[in-house]
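Position 195, counted from 1, in the sequence shown is what numbering that gives the first Met the number 0 calls 194; the numbers after and before it change by one each time, with no gaps.
A virtual CB, placed ideally from N, CA and C, is assigned to each residue, including glycine.
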Amino acid sequence: MKIKLLRIDNCRIISHCSIEPSAKFNLISGPNGSGKSSLLEAISILGTGRSFRSKSVIPIVKKECDSLIVSATIEESRGFLHSIGIERGKNVQKLHLNHNPAQKLSQVAEYLPIQIITPESIDLVLGAPKGRRSFIDWGLFHVEPQYLLLTQKYQKLIKQRNALLRGKVYEDSELDYWTQELAKIGEEINQCREGYLDELLEHFSNVATDLLNMINNLSVSFEFKRGWKRSNTLYQSLCENLQRDKTVGYTSMGPHEADLIIIADRARARQHLSRGQAKLLSIFLYLVQISHLNQKRGKRAVVLVDDLFSELDNDNAVAIYDYLKESDHQVFCTAVTIEYSSNSCDKAKMFHVEHGNITPV
Ligand SMILES: Nc1ncnc2c1ncn2[C@@H]1O[C@H](COP(=O)(O)OP(=O)(O)OP(=O)(O)O)[C@@H](O)[C@H]1O
Ligand SMILES: [Mg+2]
C-alpha cells in the first residue's frame with residue numbers, strides 16, 4: 000500500500016495540506032514546533048483511528064475547530080486505487096471507504112497498515128510486556144484479519160469472568176462456564192501467536208544479520224512466555240488459580256499476561272543494551288515485521304518514523320537512514336535538519352514544514 004495523495008485539514012498546527020508523497024522515501028524537515036510530527040500524527044489517525052501521541056482526539060484538533068479530516072488515495076500493490084478518509088472531533092467519528100460511509104475502523108485500517116517508529120518505540124525492547132503483546136497482535140491483525148475477532152471475544156469473556164470474580168453472589172457452575180469459554184478462546188489466541196512468532200522469528204534470523212552487524216554483531220534470541228504454565232492447559236491453570244483469582248478479583252493468567260523475552264548476548268536485552276542499541280534493535284524488529292507482512296500477504300506497510308536520529312550516533316543514524324531509503328516501503332521520516340539527505344535516492348522527496356505549511360523542496 001502506498002499513499003499517492005494525502006489531504007489534511009485542521010490537525011494541530013496544520014490548517015490545510017495536500018501533498019503527493021514519493022512512493023518510496025519522504026523526508027520531512029523543519030524547525031521545532033513547525034508541524035512535522037503533526038503530519039505523521041494525521042497519517043496515523045487515518046490508518047489506526049488514533050494518534051501515537053495522545054489518547055484523546057481533542058488536543059489534536061486544531062484550536063477553535065470542531066473536527067479534523069484526513070483523507071488519502073491509496074495504491075495497492077496490484078495497482079488498484081482506493082480512497083479512504085476519517086473525520087474526528089469531540090463527538091464526531093466518520094469514516095469513508097471508496098466514497099461510501101464505513102462503519103468500522105478496521106475496514107479502513109486494512110487498507111493502510113502503518114508501522115510507527117518514534118523515540119518511544121525503544122519501549123518494545125526496554126518497556127513493559129504490553130508493548131510486546133501489541134507488537135505481536137499488530138502483526139497478526141494484518142496477517143490473519145480474523146484474529147481481531149478472537150481478541151475482541153477474549154476481551155468480552157475476561158470482562159465477564161472478572162465481574163463474576165469480583166461479585167459476591169454467583170453459582171460456581173456459572174463461573175466455570177465462563178472459565179471454559181475463556182480458556183477455549185485463550186488457547187486459540189495463543190496458537191495464533193505461537194504460529195506467527197515461529198514464522199516471524201525465523202524471518203528475523205534470515206534478514207536481520209546485516210542489521211545486527213550495525214550493533215556490534217549482537218546475537219539476539221527470543222523466548223515466548225504464553226501467560227500460563229507450559230505443562231498445563233489454560234483451563235487447568237485457571238482452575239488451579241481460582242482461589243487466588245477470587246481473592247484479587249481478576250483473572251491472573253492467560254494470553255493477556257504473555258510476553259516476548261528478548262535476549263541479547265545471552266542477557267535480558269532490557270538489562271543489557273544501551274539506549275542507542277535498544278533503539279536500533281526496536282527499529283529492526285518493526286522493519287522485520289513489515290518485511291514479513293509483505294512476504295506473507297503482499298501487503299506493504301507505510302512506515303512513519305518520527306525523530307529518527309534521536310539517541311543514535313552518527314554512523315548508526317546514517318546506516319539506518321540509508322537502509323530506510325533503500326527499503327521497499329513507503330517511508331515518512333521527520334528530522335529537524337536535512338544533513339543526512341546529501342546522497343538521496345532518486346525516488347525520494349523532501350518536504351519542508353514551517354508554521355504548519357508543508358511544501359515540497
Ligand atoms: N490543537 C492544536 N491547535 C493548534 N496548534 C497546536 C495544537 N496542538 C499543538 N499545536 C502546535 O503545533 C505545533 C507543532 O507541533 P509538532 O509536534 O508537530 O512539531 P514538530 O515539527 O514535530 O517539532 P519538533 O521538531 O520539536 O518535534 C506546536 O508548536 C504546537 O504548539
Ligand atoms: Mg516532532
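When you measure from the CB of residue i to every non-hydrogen atom of ligand 1, does any distance come out below 7 Å?
i, result
"G88", "no"
"P112", "no"
"N356", "no"
"P99", "In the sequence as displayed, the identity of residue 99 is Asn instead of Pro. No, ligand 1 has no heavy atom inside 7 Å of this Cβ."
"V360", "no"
"I121", "no"
"K61", "yes"
"P118", "no"
"V352", "yes"
"P144", "no"
"R49", "no"
"I361", "Since the first and last residues shown for the chain are 0 and 360, residue 361 lies out of range."
"N25", "no"
"P20", "no"
"S33", "yes"
"G29", "yes"
"P128", "no"
"P254", "no"
Is residue i near ligand 2, going by C-beta to nearest heavy atom under 7 Å?
i, result
"S36", "yes"
"T333", "yes"
"D305", "yes"
State the start and end residues of the unbroken alpha helix (DSSP H) segment that holds residue i.
i, result
"G408", "Nothing about residue 408 can be read from this structure; the chain reaches only from 0 to 360."
"K155", "146-165"
"S105", "104-108"
"S133", "128-142"
"A22", "Note, A22: premise wrong, no alpha helix (DSSP H); not H, not E."
"S36", "35-47"
Starting from residue i and walking both ways along the beta strand (DSSP E), at which residues does that stretch end?
i, result
"M1", "It should be noted that the sequence gives Lys, not Met, for residue 1. Run containing K1: 1-10, per the beta strand (DSSP E) assignment."
"K93", "91-96"
"I68", "66-74"
"H363", "Residue 363 cannot be examined here, being either before or after the span of the chain that is shown, 0 to 360."
"A182", "Note, A182: premise wrong, no beta strand (DSSP E); alpha helix (DSSP H) at 171-206."
"G84", "80-88"
"K228", "First-last for K228: undefined, no H or E at that position."
"T358", "356-359"
"I115", "113-116"
"N379", "The requested residue 379 is not part of the displayed model; the chain covers only 0 to 360."
Using 7 Å as the cut-off, classify the Cβ of residue i as near or not near the heavy atoms of ligand 3, replying yes or no.
i, result
"S309", "What this structure holds is ligand 1 and ligand 2, not ligand 3."
*Counting Cβ pairs closer than 8 Å, one from the stretch 118-131 and one from the stretch 69-80, do we hit at least three?*
With the cut-off at 8 Å, the stretch 118-131 and the stretch 69-80 do not touch.
*Runs of alpha helix (DSSP H) wholly within the stretch 258-342 (minimum 4 residues, chain order)*: Within the stretch 258-342, the complete alpha helix (DSSP H) runs of at least 4 residues are 268-271, 274-296, 313-325.
*Report yes or no: do the stretch 297-304 and the stretch 320-332 share at least 3 C-beta pairs separated by less than 8 Å?*
Counting Cβ pairs under 8 Å, three or more are found: they touch.
*asked:* Whether or not the stretch 94-114 and the stretch 39-48 are in contact is what I'm after, with contact meaning three or more pairs of Cβ atoms, one per stretch, closer than 8 Å; do they touch?
replied: Note that the stretch 39-48 touches the stretch 94-114; at least 3 beta-carbon pairs, one per stretch, sit closer than 8 Å.
_Segment contact flag, the stretch 58-65 with the stretch 4-19, C-beta cutoff 8 Å, min 3 pairs_ = Cβ pair count under 8 Å is three or more, so yes.
*asked:* Under 8 Å: do the stretch 180-198 and the stretch 143-157 share three or more Cβ pairs, one atom per stretch?
replied: Contact between the stretch 180-198 and the stretch 143-157 is present, because at least three Cβ pairs lie under 8 Å.
*Take every Cβ of the stretch 88-100, pair it with every Cβ of the stretch 260-267, and state whether three or more of those distances are shorter than 8 Å.*
Touching, no.
*asked:* Under 8 Å, with one C-beta from each stretch per pair, do the stretch 154-163 and the stretch 171-186 reach the 3-pair mark?
replied: Touching, yes, given that three or more Cβ pairs across the two stretches are closer than 8 Å.
*Decide if the stretch 275-287 is in contact with the stretch 234-254; the criterion is three or more beta carbon pairs, one per stretch, under 8 Å apart.*
By the Cβ criterion, the stretch 275-287 is not in contact with the stretch 234-254, since fewer than three pairs of Cβ atoms, one from each stretch, lie closer than 8 Å.
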